[in-house]
Structures are given as structure tokens and as C-alpha cells.
Amino acid sequence: MTKRDLKLKIDELSSTLGTFKGLEIEVGRIYDEEWEEKMGPTPFPSVGTFRDWDRKLLERYKPFYMPFCDLCCLCTFGKCDLTGDKRGACGLTMAGQQSRIVLLACCIGASTHCAHARHMLDHLIEEFGRDAPIEVALNTNVEAPNIRLVCGIKPNTLRDLEDALDYVETQLVQLVAAAHTGQEGDNIDFESKAFHAGMLDHVAMEVADIEQIATLGMPKGIPDTPMTELGFSCIDPNKAVIMCIGHNVLPSVDIIDYLMENDLFGEVEIGGLCCTAHDNSRYNKRAKVIGPISWQLRYLRSGIPDLIVVDEQCIRTDILIEAEKLGVPVIATSEKSMLGLPNRTHDPPDNIVSDLVEGKAPGALIIEPKKVGEVAVKTVLGVAPKRKDYKPLSGDDIQKLAEHCRNCEECVRACPNNLPIMEAVQQAAEGDFELLGDIYPACVGCGRCESACPEDLPLITFFNKGAEERIANEKFPMRVGRGAVQDVEIREVGRGIVFGEIPGVVALVGCANYPKGGADVAKIAEEFLNRRFIVVATGCAAMDLAMIRDEEGQNLYEKYPGNFDAGGLINIGSCVSNAHITGAAIKIANIFAKRPLRANYEEIADYIYNRVGAVGVAWGAMSQKAASIASGCWRLGIPVVVGPHGAKYRRNLLGRKENDEDWVTYDARTGKEVYVGPAPEHLFYAAETAEEAIVMIAKLSMRPNDTTKGRAVKLSHYIDLHQKYYGIMPDDLVYFVRREADIPFTMKDEILEYLKEKGWVEDKIAIPDPTLLSRMVRRRE
Amino acid sequence: MAARMITGQTAEIAGPKKAFVIPKPEVAASMIKRATRPLLVVGSKAKEIKTKDGDLVDTVIRIHNTGKIQVVATAHIIGEFKKRGVEGIHSMQMMNLGDRLRDPEWKGLDGEGSYDLVAFIGTIYYMEWLVESGLKNFAINLRTISLNRHYQPNAQWSLGTVPEDQWRQVIDKISSILEEG
Numbered sequence: 144m145t146k147r148d149l150k151l152k153i154d155e156l157s158s159t160l161g162t163f164k165g166l167e168i169e170v171g172r173i174y175d176e177e178w179e180e181k182m183g184p185t186p187f188p189s190v191g192t193f194r195d196w197d198r199k200l201l202e203r204y205k206p207f208y209m210p211f212c213d214l215c216c217l218c219t220f221g222k223c224d225l226t227g228d229k230r231g232a233c234g235l236t237m238a239g240q241q242s243r244i245v246l247l248a249c250c251i252g253a254s255t256h257c258a259h260a261r262h263m264l265d266h267l268i269e270e271f272g273r274d275a276p277i278e279v280a281l282n283t284n285v286e287a288p289n290i291r292l293v294c295g296i297k298p299n300t301l302r303d304l305e306d307a308l309d310y311v312e313t314q315l316v317q318l319v320a321a322a323h324t325g326q327e328g329d330n331i332d333f334e335s336k337a338f339h340a341g342m343l344d345h346v347a348m349e350v351a352d353i354e355q356i357a358t359l360g361m362p363k364g365i366p367d368t369p370m371t372e373l374g375f376s377c378i379d380p381n382k383a384v385i386m387c388i389g390h391n392v393l394p395s396v397d398i399i400d401y402l403m404e405n406d407l408f409g410e411v412e413i414g415g416l417c418c419t420a421h422d423n424s425r426y427n428k429r430a431k432v433i434g435p436i437s438w439q440l441r442y443l444r445s446g447i448p449d450l451i452v453v454d455e456q457c458i459r460t461d462i463l464i465e466a467e468k469l470g471v472p473v474i475a476t477s478e479k480s481m482l483g484l485p486n487r488t489h490d491p492p493d494n495i496v497s498d499l500v501e502g503k504a505p506g507a508l509i510i511e512p513k514k515v516g517e518v519a520v521k522t523v524l525g526v527a528p529k530r531k532d533y534k535p536l537s538g539d540d541i542q543k544l545a546e547h548c549r550n551c552e553e554c555v556r557a558c559p560n561n562l563p564i565m566e567a568v569q570q571a572a573e574g575d576f577e578l579l580g581d582i583y584p585a586c587v588g589c590g591r592c593e594s595a596c597p598e599d600l601p602l603i604t605f606f607n608k609g610a611e612e613r614i615a616n617e618k619f620p621m622r623v624g625r626g627a628v629q630d631v632e633i634r635e636v637g638r639g640i641v642f643g644e645i646p647g648v649v650a651l652v653g654c655a656n657y658p659k660g661g662a663d664v665a666k667i668a669e670e671f672l673n674r675r676f677i678v679v680a681t682g683c684a685a686m687d688l689a690m691i692r693d694e695e696g697q698n699l700y701e702k703y704p705g706n707f708d709a710g711g712l713i714n715i716g717s718c719v720s721n722a723h724i725t726g727a728a729i730k731i732a733n734i735f736a737k738r739p740l741r742a743n744y745e746e747i748a749d750y751i752y753n754r755v756g757a758v759g760v761a762w763g764a765m766s767q768k769a770a771s772i773a774s775g776c777w778r779l780g781i782p783v784v785v786g787p788h789g790a791k792y793r794r795n796l797l798g799r800k801e802n803d804e805d806w807v808t809y810d811a812r813t814g815k816e817v818y819v820g821p822a823p824e825h826l827f828y829a830a831e832t833a834e835e836a837i838v839m840i841a842k843l844s845m846r847p848n849d850t851t852k853g854r855a856v857k858l859s860h861y862i863d864l865h866q867k868y869y870g871i872m873p874d875d876l877v878y879f880v881r882r883e884a885d886i887p888f889t890m891k892d893e894i895l896e897y898l899k900e901k902g903w904v905e906d907k908i909a910i911p912d913p914t915l916l917s918r919m920v921r922r923r924e
Numbered sequence: 141m142a143a144r145m146i147t148g149q150t151a152e153i154a155g156p157k158k159a160f161v162i163p164k165p166e167v168a169a170s171m172i173k174r175a176t177r178p179l180l181v182v183g184s185k186a187k188e189i190k191t192k193d194g195d196l197v198d199t200v201i202r203i204h205n206t207g208k209i210q211v212v213a214t215a216h217i218i219g220e221f222k223k224r225g226v227e228g229i230h231s232m233q234m235m236n237l238g239d240r241l242r243d244p245e246w247k248g249l250d251g252e253g254s255y256d257l258v259a260f261i262g263t264i265y266y267m268e269w270l271v272e273s274g275l276k277n278f279a280i281n282l283r284t285i286s287l288n289r290h291y292q293p294n295a296q297w298s299l300g301t302v303p304e305d306q307w308r309q310v311i312d313k314i315s316s317i318l319e320e321g
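These protein sequence lines are chains V and W, in that order.
Count along the first sequence from 1, add 143, and you get the number used in the numbering used here.
Count along the second sequence from 1, add 140, and you get the number used in the numbering used here.
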């Protein structure tokens, strides 16, 4: 699709109708329609368009609210106490308030991706022009499944992406307005709106990623992307080191270009944290990935970086203060995160460099990426020699500081994971740093312990010291993010996924707020890779799963291939690449099952929900973006498992497997309503431990449409994992074994006996052509 | 002099309705004994927490053997009880349990009816905090008590924050009273 603005101005026109003077005709949009597929029922859906669909899901998966705050502080009537059955001055209940906060979180998340996409799009249009073509992946016709599905447009150029973003921005304003005092009051309607925000988020993320793939030469869905280096010690500290933090790749691209153009990679290292690191490595594999978001403070404290460049999202807001302590200048590059720095965008580059190198200014705000490239490289080359003699705290220094510990335990109480920090500090005071080193891999790097410490001990630096040896060996290969899944791959695996023979797709996504460190992510990934699930990863999770080696010294990226197939481990890319994961699910419905895609959201979501055994896992989910990404999955019928910290999102969406009436669906072949069992059982679920999560992921991969062979495969994994981690047989098989043929062959006798004890009745659970949509019934009996 | 800090994990302070502090172990034991249908929820930390009996799994087995309270293990911790040859302990995940506890129609883990008292022990602090918040607000007739070492504001009753040794003594005392009948 392309659109053009038409403007016709005629000073004077004589015709048979008469003479016209000063005639102006203006047409905003003319579409050259190249897409043969006819428009579906819901192009550019509004806030309430999918309310009925959402309510179907929310009827099954009722919110279990866990208020994080019992008060509402949003208007001047307040604070209002909403505890129990109280209502606020506006009439809102606790359930309403919690769902309202969920909506706001999802709006913040979706707005963040949308603003990111808009900023890049404006810049890329300026650089490449509105007519720059979009090519997202090789062997792929469905270039933008989320945009096609939601908006009903088929983008061909950067200009077309503007339409998608215009739509998302308009809708987000509506959603935020709904959270104003005295607007929405019903908690389920708030939840539906949160789903809407999530759906919009996937459109925005898709725009963000395809525009950068199309214009910046990032990998176009190839399975065998090159390996890059990841970890503390992938950076050569003898070079000048630039540390880029955030998510928006544009300033880093210009730093890399400047290094290339001036042949300076021999003198300068560029390392990234969080998604900027992913996207830098997608742009140029010489850019290193230092680690996930949680490593900001610990890497800075190492003293290695000589310059920090921040773009947007998930940046520590005290980064300037921290950097100043170490004599490291900071360049801010986004209007969304200006850090109080003076705007030097229009100053001559050499003046800025001089001020930063000489320490006259702690940092600078430079909005123009090209200028960032030049200033950053020149600055780091000037600063690095001055910082050559910098040494982090020695063991003696730390021991002396540790002696000041008051044993108050405030650090432990402040730690999100209650790590034994006080005990470790007490040991350090005796000159033993072992326990400090043990804390390092489990620490999420938030620094709350330091904030709580009455002696202001630099505890993150302490942990670094304890883990000195580990840090020196922290260097792992990571396959560079590949972007979208190719259409041709979908064709090959679609059948296996839909019929259950490929037991599931596990998407490991999100941030690094782990309960016990990142090793759990690798553990979860490997468990499912060994079982021939397809494992996809993005963001911090894609980094953390690289950091465990087996006995032969190999990590998961070295052991498993990068193609979208059973047993494949696919690094999709950064946060915004998450749209390709939902995109792959959408493409299964469209390409494999040939369901119409264009503006046909409900039917596609219904298909995915009933047939595609995909499960999202955000083990360290922390941000509002993670909330909106998950929310976009829920509306598509994809369940999401989070770690225990994810319970802080204020509610889970939980099914009740024992309530038979909740699990009735239409058989599209007959129109009859039939019982299909609780598959999937939950839509949003916080697991207490990685072991619990693993078992739950296997269970949530079951779908009503599974063939007997497929269900047997899925059940064998569920039962086996349950026995492995719980030490017992699951007690809910009666809800998932539909007929004898579903029972895994090797366990048949044992399970049949168990089922009979539980009063199992064969064929109670139907195997229909399942749909929740009455209109999808083909024939009524 | 700074204002007094409220005990509790930083940034997880309670709302207006906060737990009463259980003044002595006898009170907790008495609440359990007086309840008609009490339930003890044992969390995933049980194996890591040391008690006078060994670890918290051992202490919970001791309490389970009194027959005074049903026991449910969350997450994957049921395996530890099985390894130690204990039968009759239920298993249900924390979120599934919280969701059912707020439902007055739920028939309980044994199918005999809903519970009137739920005690938590060995749980992840913030997860218990959240589930108890859900119950405080949406199961207002359910009595919740926290037997962990750190004060839990969202329970109805909670042990106060005490040093480890003292907590071990308190738990041992509660177990002994329940054993006495």
C-alpha cells in the first residue's frame, strides 16, 4: 500500500459550468491498492471493538488481584482508602483501581515503544526518504503480520508505517483518558482496555523493528546470524571504552559509523547494555554486548567504561551521579531522558569534546545522532588516557569499609531477593570475600541495598570484588538477533505446531529482575530445547541464557541451531523484536491455516488460542513495557508465565480447571457447545520457582485442537517434568486426557490405573474444531 | 533525629489495614487450635530455612503429624516431603491457592469445605505479601496469619521481625503446643 497527498490548485478555470477562480482541491490520502486480500471486519479497531472477545477470555481467566497499594492517590479527593469493600470518593472499588493501574502500566509500556518507533521513523524518513522500501525477512511475503492484522494495511514503505503509528498514538490517548477520575469504573472493562494497549504495543514494536531492519542493514530473518561476544570480559579495557545504555539504536549507529569511517575500532571498544546492545550487534557484530539491564551499576563500578552514552528506556536515572563519581562523562541523546544536562546539540563538536574531556561539564545532551557519533568517539579518546590509572577499590579498602557495618540488616530487607548481604559484609570485614562473590550472580543490580545502608557502603562494588575471578572469565558467544521468522519456516513447522507434534513454542522474553539470577533462564531454555520445543528469546533473557556453559564449555547458542524448528534456539533480537514472536503465531494462522489476515483480529486470535501451543515466559519481568508486551499476548490467546516478582503486576489471570462450565467451546463443525478441558489453564501466571514454571509451561502448551498424537507428546512432557521436579505424578490428568489414545504409550498402564481411581470418563473431553466465536460455526446441527 | 522507620521490606509498606503482631507463640498456637478448618501454607523456601528440627520441612512435618492443621506445599516443595516419606500433605501452587482461598464456594484441598484460617510459613516474602494483600481485600472473612521471621503487614496477624534464633524458638514453641494437644 502506498498513499500520496494530492493538492490541486487552479488560479482560473473556464468550463461549461462557469468560471472558477482560486480553486483548490486537496485530498489527504490516495491509496494504491496492491493487496488483493479483501478488507476484514475490524480495520483500525477502536477501544471497544474487541470488548466481547476480551470478555470471553476474562470470563475464563478471572483476575486475581493482589493490590500493591491499598490507597488511590491520583486526585485531590484522596488519598482514598480502598481496602476490602470500601470505595473511593469517585466510587471506584479496589478491583477497579488495580485494573486501572494495570491499564496505566500497559499504556506506559505501549507508549514507550510507540514513542521509540516514532522517533526512529522520523529520523529514518529524514535520512532515507518516505519511499524507502520495507524488506523485513528473506523468503517472506507477510512482512508485518501485526500491522496487517490490526490495521488492515500492508506497508510497503516507511511512509506506510506512519499510518500505523498515527493509529496507535490516537488509541493510546483514548486509553489513558479512560483512566481519568470519573471515567471507566468496571474492572473487566479496564482489563479489556489493557488488552487493547497490549495489542497496540505489538503494532508499535513491529513498526520499530521493521523500520530499523529495512534501513540499517540488520539481519533479515536469517537463522545463522553471526555470533557476537557477550559478558564483562568481552571488552578490552586497554582500549577506550564507550558504554551505550538503553534501547534506541540511532546514536550508537552513528558512533559505530564514525569508528568505521575513521578506522578506530583498534583503539575504541563499543559495548552495550540492554536492548541497544542487541541492536548494535545486529548493526555491526564488532559492537559488544556487555550484558542485561541489571548490569548498569556493576559494570560502571568496574571502572572500565570511559564514556557513557544513554538513549532511552530502562536507564538508571542516577547514572549521571554514578558516572561523576568515577570521572566518566555522560552523553544523553534523547528528549525523553535529558538527565538535567545542558542542550549542546547546536554547539560545535570540538567545544563539547573539550568541555567533557577537561571535566568542565559532567555531560551533555546531544539530540542529533550524527553529532553524538563524532563527539562520543573524540571524547572517549580524550578521556581514556586520563582514566588510565583509575583503580577500583582494593580488597584492603573493602575490608576496611566492611568493618563499618552496623549489622542492622537493612540491606537484606531492602534487597528484592533478601540476599544475605549483611552476612557477606561481615565476612568481608574478616578478609573473606567468598560470600560476596556468591551474591554476585543472584544480584539484580538495583542498588537498593546501598540506598538503605546507613553507612553508605558501596555494596555493588563489594559484590564485584567478591566475583573478580568469575568476572574475568565472563565472556560468552551469543547469536546476533535475527529479527522475523521467515514465511517459509512457518510453512514447514505450522502443521507440527497446530497438531501438537512439535510440543510448543516457548518465548523467553523480558527483563532481568530474576528471583535467583539469570541461570534459571538457561535452565528453562535447555529443558525445552532438549524436548524439541521451539525456543525463541529476546531482550535481557536472550543474553542471560547465554551465560551458562556445559561441562564441555559450550553454551546454548553453540549447542542448538538458530532456525525456527523443533529444538531450535532463536535469538529474535531486542524488546521491539517481540512483535516477531506474536507475528510468527499470527503467520501460522494465516500462512499454514490460510485464515484471512487482513483486519481479522478475532478470528486469528481465536485460532491461535485454540491451536498454537505458544507460551510466553518473562522470568525477570520488571517494566511497564513487559506488562504491555504480555498484554498483547493475552488478547491473542497466548498465555504468559512470569517469575515471582511478576506477581507485583497486581493481578494474575487464572483459570479454575475444576469448573467444567468455564471450559465449554463451540465445535465449528456442528455448532454444538462442548467441554474441552482447561487448555490452556491460565492466561497470566506468576510462578514461585523455576521448577514450578517449567512444569506450568509444559502444561500451558496444551490446546483443544491437539491431535491424539500431539496431546500424547505434550502430556508425556508434562508428566515427566512433574515427576522430575515435584517428585510425584500430576493430580490433574483427568482434565487433560481426553481418550485412551492421548496417554503416552510408555506410561499407559500406570496412568490408566490412576485415571480410573480418579473417576476419569473417556471422551468426556471433546476434540472439536474449536472456536469461541459463534460466527465461525460452519454448520449447525 | 529521623522519624521512626516502619519495619518491612523497603517500598513494601502496608496500607491502612495492617497485621496485629502476635505477641507470643501461645497466641498463634491457640488461633490454630481454635480454628475449625485451618490450613498451613508451606512455601518454596522451607528447605533453606534452618530450625531446631533441622530445616523448616522437618518442622512442618512435626506440625503435620499433630493432625491439628492441614498442610499444603506450594511450588515444587512437595517433593521434599515425599523424599522424607511423608504422606497426606497437599500440593498447590501459590497463585492457584490464593485464587481459591478468596472464593467462599471453594471446597478446599480435601473437598470438605472452605478454610477459616490460613497460616503462611517458608514463603518468599514478597509473594506472601501480595497473596495476603489479595486475601485482605477480597476474602475479608478469612483469618490469615504469618509465621515467618519478618513481619507481614498484609496478614491479619503476624509474628514480629525477630532475630533468627528467637524465631526458631517461637516456631519450636508453636509446634510443641500443637503437639501437646
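Where is the CB? At the ideal position from N, CA and C, for every residue including glycine.
Under the three-state reduction of DSSP output, residue 755 of chain V falls in the coil class, being neither helix nor strand.
Between the stretch 151 to 162 of chain W and the stretch 214 to 224 of chain V there are three or more inter-stretch CB-CB distances shorter than 8 Å, so the stretches are counted as touching.
Per DSSP, residue 260 of chain W is one residue of the beta strand (DSSP E) stretching across 257 to 261. Spanning the alpha carbons of residue 311 of chain W and residue 181 of chain W requires a straight line of approximately 14 Å.
Any Cβ of chain V closer than 8 Å to the Cβ of residue 180 of chain W would place that residue at the interface, and such an atom is absent. Three or more beta-carbon pairs separated by less than 8 Å link the stretch 625 to 636 of chain V to the stretch 715 to 722 of chain V, which places the two stretches in contact. For residue 210 of chain W, the enclosing beta strand (DSSP E) stretches over residues 210 to 213. Cβ proximity to chain V below 8 Å picks out 267, 270, 271, 273, 274, 276, 277, 278, 280 and 290 from the stretch 267 to 295 of chain W. Excluding five sequence positions before and after residue 721 of chain V, the CB atoms of its chain that fall closer than 7 Å to its own CB belong to 348, 652, 681 and 772, given in chain order. At a cut-off of 8 Å between beta-carbon atoms, residue 578 of chain V makes no contact with chain W.
Counting every other CB atom within 10 Å of its CB across the protein chains shown gives residue 643 of chain V a total of 16 or more, marking it as buried.
Taking 8 Å as the cut-off, the beta carbon of residue 884 of chain V is found no closer than this to the beta carbon of residue 864 of chain V. Interface criterion not met: the Cβ of residue 168 of chain W is under 8 Å from no Cβ in chain V.
Assignment of residue 540 of chain V by DSSP, reduced to helix, strand and coil, places it in the helix class.
Nearest C-alpha to residue 481 of chain V among V:500, V:619, V:510 and V:503: V:510. Secondary structure at residue 694 of chain V: coil, using DSSP grouped into helix, strand and coil. In the three-state reduction of the DSSP assignment, residue 506 of chain V falls in the strand class. DSSP, reduced to helix, strand and coil, places residue 180 of chain W within a strand of the structure shown. In the displayed model, residue 190 of chain V falls within coil according to three-state DSSP, outside both helix and strand. The Cβ of residue 259 of chain W sits no closer than 8 Å to any Cβ of chain V.
Beta-bridge annotation (DSSP): residue 306 of chain V is not paired with any residue.
Just so you know, the alpha carbons of residue 406 of chain V and residue 485 of chain V end up roughly 30 Å apart.
Counting C-beta pairs closer than 8 Å gives three or more between the stretch 206 to 222 of chain W and the stretch 865 to 875 of chain V, which meets the contact rule. The continuous beta strand (DSSP E) containing residue 431 of chain V extends over residues 431 to 434. Within the stretch 200 to 213 of chain V, 205, 207, 208, 209, 210, 211, 212 and 213 place their CB atoms closer than 9 Å to a CB of chain W, listed in sequence order. Residue 280 of chain V and residue 232 of chain W have their C-alpha atoms some 44 Å from each other. Residue pairing by DSSP places residue 421 of chain V in no beta bridge whatsoever. With contacts defined by Cβ atoms closer than 8 Å, residue 250 of chain W and residue 210 of chain W form a contacting pair. In terms of CA proximity to residue 505 of chain V, V:487 leads the group V:487, V:345, V:198 and V:378. Here residue 623 of chain V is actually not in contact with residue 847 of chain V; their C-beta atoms are around 37 Å apart, not less than 8 Å. Only 214, 215, 216, 218, 219, 222 and 223 from the stretch 196 to 224 of chain W bring a Cβ to less than 7 Å from some Cβ of chain V. For residue 492 of chain V, the secondary structure class from DSSP, reduced to helix, strand or coil, is helix. Residue-level contact check: residue 309 of chain W does not touch chain V, since none of the beta carbons of chain V fall below 8 Å from its beta carbon. In this structure, the beta-carbon distance from residue 273 of chain W to residue 161 of chain W does not fall below 8 Å. Listed by position along chain V, the residues whose Cβ is nearer than 9 Å to that of residue 157 of chain W are 213, 224, 226 and 227. Put simply, of V:858, V:585 and V:915 the residue whose alpha carbon is nearest the alpha carbon of residue 891 of chain V is V:858.
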